[in-house]
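In this note's numbering, the protein residues as written are 22 to 464.
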Amino acid sequence: MQNLTVNGDRLWRSLMETAVFGGTPKGGIKRLTLTEEDRAVRDWLTEQCLALDCRMSVDEVGNMFFTRAGTDPTLAPIAIGSHLDTQPTGGKFDGILGVLAGLEILRTLNESGYETRHPLMLVNWTNEEGARFSPAMLGSGVHAGVFDRLYADTRVARDGQTFGDALEAIGFRGDTPAGSTGMAAMLELHIEQGPVLEAQGKDIGIVEGVQSMRWYDLVIEGVEAHAGPTPMALRKDALLAAAELILLVERIANSHAPGVGTVGCVEVHPNSRNVVPGRVALSVDLRHPEDDQLDVMEAELRHEIGARLKDGFAITLSEHWRSPAVKFDSLCVDAVAEGAAACGYSSVRIHSGAGHDSAYIARVAPTSMIFVPCLGGLSHNEAESTTKEQCLAGAQTLLNAVLCLDRSLDVRAGDALGTIGVAVGMGSVGHIEDTATPGDNRI
Ligand SMILES: [Zn+2]
22 MQNLTVNGDR LWRSLMETAV FGGTPKGGIK RLTLTEEDRA VRDWLTEQCL ALDCRMSVDE
82 VGNMFFTRAG TDPTLAPIAI GSHLDTQPTG GKFDGILGVL AGLEILRTLN ESGYETRHPL
142 MLVNWTNEEG ARFSPAMLGS GVHAGVFDRL YADTRVARDG QTFGDALEAI GFRGDTPAGS
202 TGMAAMLELH IEQGPVLEAQ GKDIGIVEGV QSMRWYDLVI EGVEAHAGPT PMALRKDALL
262 AAAELILLVE RIANSHAPGV GTVGCVEVHP NSRNVVPGRV ALSVDLRHPE DDQLDVMEAE
322 LRHEIGARLK DGFAITLSEH WRSPAVKFDS LCVDAVAEGA AACGYSSVRI HSGAGHDSAY
382 IARVAPTSMI FVPCLGGLSH NEAESTTKEQ CLAGAQTLLN AVLCLDRSLD VRAGDALGTI
442 GVAVGMGSVG HIEDTATPGD NRI
């Protein structure tokens, strides 16, 4: 491992300096994608990278690429980065750490005069959060061919502005064709957004993949009735049935660890104090690192719902969206492990519970991620917190992993788009509408 050390103080200063672009009184950041705040942080990043003599390119959906030359011009770049947009009540680290740690690595390499074989490319993906324009991970999704450019351009924000208009308004419609920027590999540093690293006292999460996720709409129809004259035995209370099914989701998740299950939305009809609820709509979110285990969890849910039907309720479970499991590239995962071990950081292999740009990029380039802990596992929250030392550990692991890949990878620039062997578990992630097949899911 090279004896190159990132500057933790400088990285921290950059995190705090950019936190003013959309900074909130509670110490968080509101930097919705393609707003003035986003433009300001993009301009800041541009200035910093151009000062490092990086070559800048921006693609048609505003993804930003800053490339530091390597010694072998035939090699495709190793990409590092993440996203600079936030949720409306976001924190200072989600996504931002990955981009600014990448910047810190460029600075460290320039300072030391170290030359990598591959070019090194810092990336800022557009609209990861999906808070202003749905769906999330739109820029990386277009890059990876999951969405086309027209689809992206026609997404509409609540304020009525389209993605395409917003992109042009802030001056970040680039001329590089979307998806044409090749990469030999991609590494993304990110806060964990969950409590596992903190609970286990680990410095670094070596991310092996992103778990399989499925969203369902569950509708329970009972019989609306007056809360006074209707005896308990003669009721078809949809909310009571829903309560049982909510507990069922918990039981199924518990019996398939590390699977998780969540009912996050409940709509009760008519939602009146003295009416036995006649209809309840629930959201169900099931996740597991393995697709086949998620199949089993879903089968159990459908079986139990079938049993409930005997009680005279009409219950519909329809799939709303799915994202198959992503298996990151073993060479990249091993590089992260080696990068953490080289500095004596404690680590654990982990699956991401949340979606990330890297989940899409894994379709077109060998990819892995590095997680660092965040206080209480909290993110998408103004109180999101990761210490300077944790940021430093993540950035140093990222640098070590990049140098490791720079030695082990040998992908030529011409081969860098979709022709290299990548272990990819994603099959059919698409728009929400594309994957819903209500006809098949009615039970
Ligand atoms: Zn993020």
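All C-beta atoms in this analysis are idealised placements derived from N, C-alpha and C, irrespective of residue type, glycine included.
Check: Residues near ligand 1, CB to any non-hydrogen atom under 5 Å, in chain order?
Finding: ASP115 and GLY116
Next item on the list: Determine contact between the segment 339-358 and the segment 253-269, defined as no fewer than three beta-carbon pairs at a distance below 8 Å.
Entry: no
Item checked: Contacts around MET85, its chain only, beta-carbon distance under 6 Å, and the 5 residues preceding and following it disregarded -> VAL79 and ASN145
Next item on the list: Taking all protein chains shown into account, decide if THR175 is buried (16 or more other Cβ within 10 angstroms of its Cβ) or exposed.
Entry: exposed
Notebook entry, point to check: Closest by CA to ARG60, which one among ARG76, VAL41 and ALA72?
Noted result: VAL41
Note to self: Looking only at its chain, what residues have a beta carbon closer than 7 Å to the beta carbon of GLN314, apart from the 5 residues adjacent to it on each side?
What the structure shows: HIS277 and GLY280
Checklist line | At least 3 beta-carbon pairs within less than 8 Å: the segment 231-245 vs the segment 395-407 | finding: no
Next item on the list: Look up GLY200 in the DSSP assignment and say whether it is helix, strand or coil.
Entry: coil
Item checked: C-alpha gap between GLY123 and ARG63, whole angstroms -> 14 Å
Notebook entry, point to check: Would you call the CB atoms of CYS412 and VAL393 closer than 8 Å?
Noted result: yes
Checklist line | Close-in-space but distant-in-sequence residues of the same chain around ALA90 (CB under 8 Å, 5 per side omitted) | finding: ARG76 and PRO140
Item checked: Nearest candidate by alpha-carbon position, reference LEU71, set GLU58, THR56, GLY83 and PHE87 -> PHE87
Next item on the list: In angstroms with no decimal places, state the Cα-to-Cα distance between VAL443 and MET207.
Entry: Its pLDDT being 36, under 50, VAL443 is placed unreliably by the model, and nothing is read from it.
Check: Going by alpha carbons, who is nearest to ILE382 out of ASP74, ALA205 and CYS286?
Finding: ALA205
Margin query: Can you list, in chain order, the residues of its chain with a C-beta nearer than 7 Å to that of THR440? Leave out the 5 residues immediately preceding and following it.
Written below: Because THR440 sits at a pLDDT of 39, beneath the cut-off of 50, its placement in the model cannot be relied upon, and the following sentence gives the value as read from the coordinates. Excluding positions up to five away in sequence, the list is empty.
Next item on the list: Tell me whether ASP339 sits in a helix, a strand or coil according to DSSP, three-state version.
Entry: First, the residue type needs correcting, since residue 339 is Ser and not Asp in the sequence shown. SER339 falls in the strand class under three-state DSSP.
Next item on the list: Report the option in GLY112, TRP33 and ASP306 whose CA atom is closest to the CA atom of GLY48.
Entry: GLY112
Next item on the list: Would you grab the beta carbon distance between ILE126 and ILE101 for me? Rounded to a whole angstrom, and I think it's under 8 Å.
Entry: 6 Å
Note to self: Please report the distance separating the alpha-carbon of VAL167 from that of SER201.
What the structure shows: 14 Å
Next item on the list: Name the one or two DSSP bridge partners that THR288 has.
Entry: In the sequence as displayed, the identity of residue 288 is Glu instead of Thr. Partner(s): ALA302.
Next item on the list: Indicate whether PRO298 and VAL289 have their beta-carbon atoms separated by less than 8 Å.
Entry: yes
Margin query: Whole angstroms are fine: how far does the CA of VAL27 sit from the CA of GLN11?
Written below: No statement about residue 11 is possible, as the shown extent of the chain runs from 22 to 464 and does not include it.
Notebook entry, point to check: To the nearest whole angstrom, what separates the beta carbons of CYS395 and PHE114, a pair I think is in contact under 8 Å?
Noted result: 7 Å
Margin query: Under 8 Å: do the segment 354-362 and the segment 226-233 share three or more Cβ pairs, one atom per stretch?
Written below: yes
Margin query: For ALA157 and GLY327, which I take to be in contact (beta-carbon distance under 8 Å), what is that distance rounded to the nearest angstrom?
Written below: That pair is no contact at about 33 Å.
Notebook entry, point to check: Which residues mark the beginning and the end of the beta strand (DSSP E) in which MET507 is found?
Noted result: Because the chain is modelled from 22 through 464, residue 507 falls outside the range shown and cannot be assessed.
Check: Since GLU242 is in the beta strand (DSSP E), which residue starts that stretch and which ends it?
Finding: 233-242
Checklist line | Proximity to THR129 [Cα-Cα], best of LEU118, GLU209, LEU25 and LEU210 | finding: LEU25
Next item on the list: Please confirm whether VAL296 and VAL163 have their CB atoms less than 8 Å apart.
Entry: no
Note to self: Check this for me: beta carbons of GLN108 and GLU150, under 8 Å apart or not?
What the structure shows: yes
Next item on the list: Helix, strand or coil for SER400, going by three-state DSSP, please let me know.
Entry: coil
Next item on the list: Would you list the residues sitting across from ASP80 in a DSSP beta bridge?
Entry: THR197
Next item on the list: Using only alpha-carbon positions, find the residue among GLU136, LEU218, VAL120 and GLU132 that is nearest to PRO94.
Entry: GLU136
Note to self: So, with DSSP's three-state summary, where would you put PHE87?
What the structure shows: strand
Notebook entry, point to check: How many Å lie between PRO46 and THR54 at the Cα?
Noted result: 20 Å
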